[in-house]
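There are 2 protein chains.
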Amino acid sequence: MKHIAESTVRRLSLYLRFLEEFEAQGNATISSGELAQSGGTTSAQVRKDLSFFGSFGKRGLGYTVKDLIVSIREILGLQQSWPIVIVGAGKIGAALAQYHGFATRGFKIVGVFDTDPSKVGQKLDGMVVRAESELEKEIGRLKPRIAVLCVPAEAAQALLDRVTRAGVRAVLNFAPTPLVVPKGVTLRAVNMATELEILAFALTNGAA
Amino acid sequence: MKHIAESTVRRLSLYLRFLEEFEAQGNATISSGELAQSGGTTSAQVRKDLSFFGSFGKRGLGYTVKDLIVSIREILGLQQSWPIVIVGAGKIGAALAQYHGFATRGFKIVGVFDTDPSKVGQKLDGMVVRAESELEKEIGRLKPRIAVLCVPAEAAQALLDRVTRAGVRAVLNFAPTPLVVPKGVTLRAVNMATELEILAFALTNGAA
DNA sequence: CTTAGCTTGTGAATGATTTCACAAGCCATC
DNA sequence: GATGGCTTGTGAAATCATTCACAAGCTAAG
Numbered sequence: 000m001k002h003i004a005e006s007t008v009r010r011l012s013l014y015l016r017f018l019e020e021f022e023a024q025g026n027a028t029i030s031s032g033e034l035a036q037s038g039g040t041t042s043a044q045v046r047k048d049l050s051f052f053g054s055f056g057k058r059g060l061g062y063t064v065k066d067l068i069v070s071i072r073e074i075l076g077l078q079q080s081w082p083i084v085i086v087g088a089g090k091i092g093a094a095l096a097q098y099h100g101f102a103t104r105g106f107k108i109v110g111v112f113d114t115d116p117s118k119v120g121q122k123l124d125g126m127v128v129r130a131e132s133e134l135e136k137e138i139g140r141l142k143p144r145i146a147v148l149c150v151p152a153e154a155a156q157a158l159l160d161r162v163t164r165a166g167v168r169a170v171l172n173f174a175p176t177p178l179v180v181p182k183g184v185t186l187r188a189v190n191m192a193t194e195l196e197i198l199a200f201a202l203t204n205g206a207a
Numbered sequence: 000m001k002h003i004a005e006s007t008v009r010r011l012s013l014y015l016r017f018l019e020e021f022e023a024q025g026n027a028t029i030s031s032g033e034l035a036q037s038g039g040t041t042s043a044q045v046r047k048d049l050s051f052f053g054s055f056g057k058r059g060l061g062y063t064v065k066d067l068i069v070s071i072r073e074i075l076g077l078q079q080s081w082p083i084v085i086v087g088a089g090k091i092g093a094a095l096a097q098y099h100g101f102a103t104r105g106f107k108i109v110g111v112f113d114t115d116p117s118k119v120g121q122k123l124d125g126m127v128v129r130a131e132s133e134l135e136k137e138i139g140r141l142k143p144r145i146a147v148l149c150v151p152a153e154a155a156q157a158l159l160d161r162v163t164r165a166g167v168r169a170v171l172n173f174a175p176t177p178l179v180v181p182k183g184v185t186l187r188a189v190n191m192a193t194e195l196e197i198l199a200f201a202l203t204n205g206a207a
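Protein sequences, first through last, are from chains A and B. For the first sequence, numbering that gives the first Met the number 0 gives the first residue as 0, with consecutive numbering after it. For the second sequence, numbering that gives the first Met the number 0 gives the first residue as 0, with consecutive numbering after it.
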């Protein structure tokens, strides 16, 4: 398959959210224009995004909401449930572990790890926090496909190395530091400070 | 000023982080190549990013670390401290309110709000949680420049409307729903589900 | 003062993404 | 089954972002 731009994947995820809302409202079909409007983009963009993966609509009619939901789910790989481990049970890690929104979207938290002995053994919403020393053993057992790093900046690279060596191929990093991944591993970073700095730049430079 | 791409601003924030590390290590100068290597980009990219804002280096020598830090801080608008309010003191909101990393980067949390009467009046790391009904009054008093929304999806749009009407022009949204902003307001969204879906797509399609 | 060795700053070239614009196709109606 | 009113899917054009490539300029050494 031709390389797909990240912006396209991001928009597909967004379309999926609108389509689900649309379905809940009982609408059976939707046009690229309507979908674009909810997502703040253009109808041509919507059609182009979908065209990379096939042809899902009917000319003159638009898209069947139900079918398009299924198609986008398939494109994104969401027909299956993805097991996730959370590494670091501090404020952010604990908040994520207890956030129920994931389960409903096909992501299942199967393990939470921390070094702090006072946290190990505690329950977070039914999930027992395990010792970080057991990371490799437990990854072998639980076979998570994605790891979410919620550890301090200093610890992040070492833990990234450990989870990838143990076989995890996709990592979401919340630690406020850039990381280096081995080839074949996908890394995404959520960095609050960077987001705020982009806002500060916008305010400073009077952008809308 | 010519329009600056978001990707450029994001990289500047990244460069700033590396420069600070570099400074802590006692290095006085840095070349675009070295800076590029830490950030996983190219030297031409670094120079082009900076060239939008002026000329900060010396040919043959590179950049003075201290000076470049000051310059990038000025570009991003980080010479000043930016007052922030956090709306919603649930798991994520509380975690952010107690995260000290912001203060050290020039963002100061001046208020935290929630509707839940059992949370109002509680202290989060010295910060009293205020009633959401006082939002407008307190925004008028505290004059925050940025609002961070950590409320449930259903409540997000209404609160965005309230903070923008009260004069806030930059918003960071953690609610898992797309929002519409009035002209002149900058909105950024951090959506965990979307990040995970992009990872799921990468895993499904065998991308590196 | 001149040369050698670097590194910046920047137009030009390339590559990627978005937007345009329209033929092709579907449905409803007559 | 022909017409009109829509909407898709998609090459082509336009816009935006990155990379190339090199003149200009600085320092150090002789």
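Ideal Cβ positions, reconstructed from N, Cα and C, are used throughout, including at glycine. Note that the structure is a prediction, hence the values are computed from the model and not measured.
Where does the unbroken beta strand (DSSP E) through residue i begin, and where does it stop?
i	result
A/L171	A169 to N172
A/A146	I145 to L148
Tell me which residue opens and which closes the alpha helix (DSSP H) that residue i is part of.
i	result
A/R187	Careful: A/R187 lies outside any alpha helix (DSSP H), inside the beta strand (DSSP E) at T185 to A188.
B/A152	A152 to R164
DSSP state of residue i, grouped into three classes?
i	result
B/L217	The requested residue 217 of chain B is not part of the displayed model; chain B covers only 0 to 207.
B/I3	coil
A/A23	helix
A/T28	strand
B/F52	coil
B/G38	helix
A/K142	coil
Using alpha carbons as the reference points, say which of the options lies closest to residue i.
i	options	result
B/L67	B/P181, B/S6 and B/E20	B/E20
A/E135	A/V84, A/R187, A/A174 and A/S117	A/V84
A/V168	A/V180, A/A154 and A/L195	Per the sequence shown, residue 168 of chain A should be read as Arg rather than Val. With distances taken between Cα atoms, A/R168 lies closest to A/V180.
A/Q97	B/W81, B/H99, B/G61 and B/K90	B/K90
B/E194	A/V170, A/R164 and A/K1	A/V170
B/L123	B/T203, B/A88 and B/A35	B/A88
A/P177	B/Y14, B/E5 and B/H2	B/Y14
B/A152	B/L141, B/A192, B/H99 and B/K65	B/A192
A/N172	A/T185, A/M0, A/K47 and A/R164	A/T185
B/A94	B/D160, B/V150 and B/Q24	B/V150
A/R16	A/S54, A/I71 and A/A27	A/I71
A/S80	A/P143, A/A130 and A/G139	A/P143
A/L75	A/T7, A/A174 and A/A157	A/T7
A/G100	B/E131, B/L60, B/E196 and B/R104	B/E196
B/E22	B/V64, B/A35 and B/E33	B/V64
A/Q156	A/G53, A/I3 and A/P175	A/P175
B/A102	B/P82, B/V111, B/I29 and B/V86	B/P82
If the cut is a Cβ gap below 8 Å, which residues of chain B does residue i touch?
i	result
A/G100	P175, M191 and A192
A/G38	P177
A/R161	The premise fails here: A/R161 is roughly 18 Å from chain B at the closest Cβ pair, so nothing lies under 8 Å.
Could you work out which residues of chain A lie near residue i, taking near to mean beta carbons separated by less than 9 Å?
i	result
B/L60	Within chain A, no residue comes near B/L60; the closest Cβ sits about 25 Å away, beyond 9 Å.
B/I145	L195, L198, A199 and L202
Under 8 Å between beta-carbons, which chain A residues line up against residue i? List them in chain order, please.
i	result
B/G110	Within 8 Å Cβ-Cβ: nothing; B/G110 doesn't reach chain A, min ~16 Å.
B/L13	P177 and T193
B/L77	E196 and A199
Find the residues of chain B that neighbour residue i, judging by a C-beta separation of less than 7 Å, and give them in chain order.
i	result
A/N204	M0
A/I91	A94
A/E5	I197
A/V8	I197 and F200
A/F21	Chain B residues near A/F21: none, gap ~13 Å exceeds 7 Å.
A/Q97	K90
A/F106	L195
A/K164	Reading off the sequence, residue 164 of chain A comes out as Arg, not Lys. None at all; the shortest Cβ gap to chain B is about 17 Å.
Report the neighbours of residue i on chain B: residues whose CB is nearer than 9 Å to its CB, in chain order.
i	result
A/L148	Simply none; closest approach about 12 Å.
Give the interface partners of residue i over in chain A, defined as CB-CB distance under 7 Å, in chain order.
i	result
B/A169	L198, A201 and L202
B/R187	E194, I197 and L198
- Message: At 4 residues or longer, what runs of the alpha helix (DSSP H) sit wholly inside the region 55–138 of chain A?
- Response: 64–75, 90–96 and 100–103
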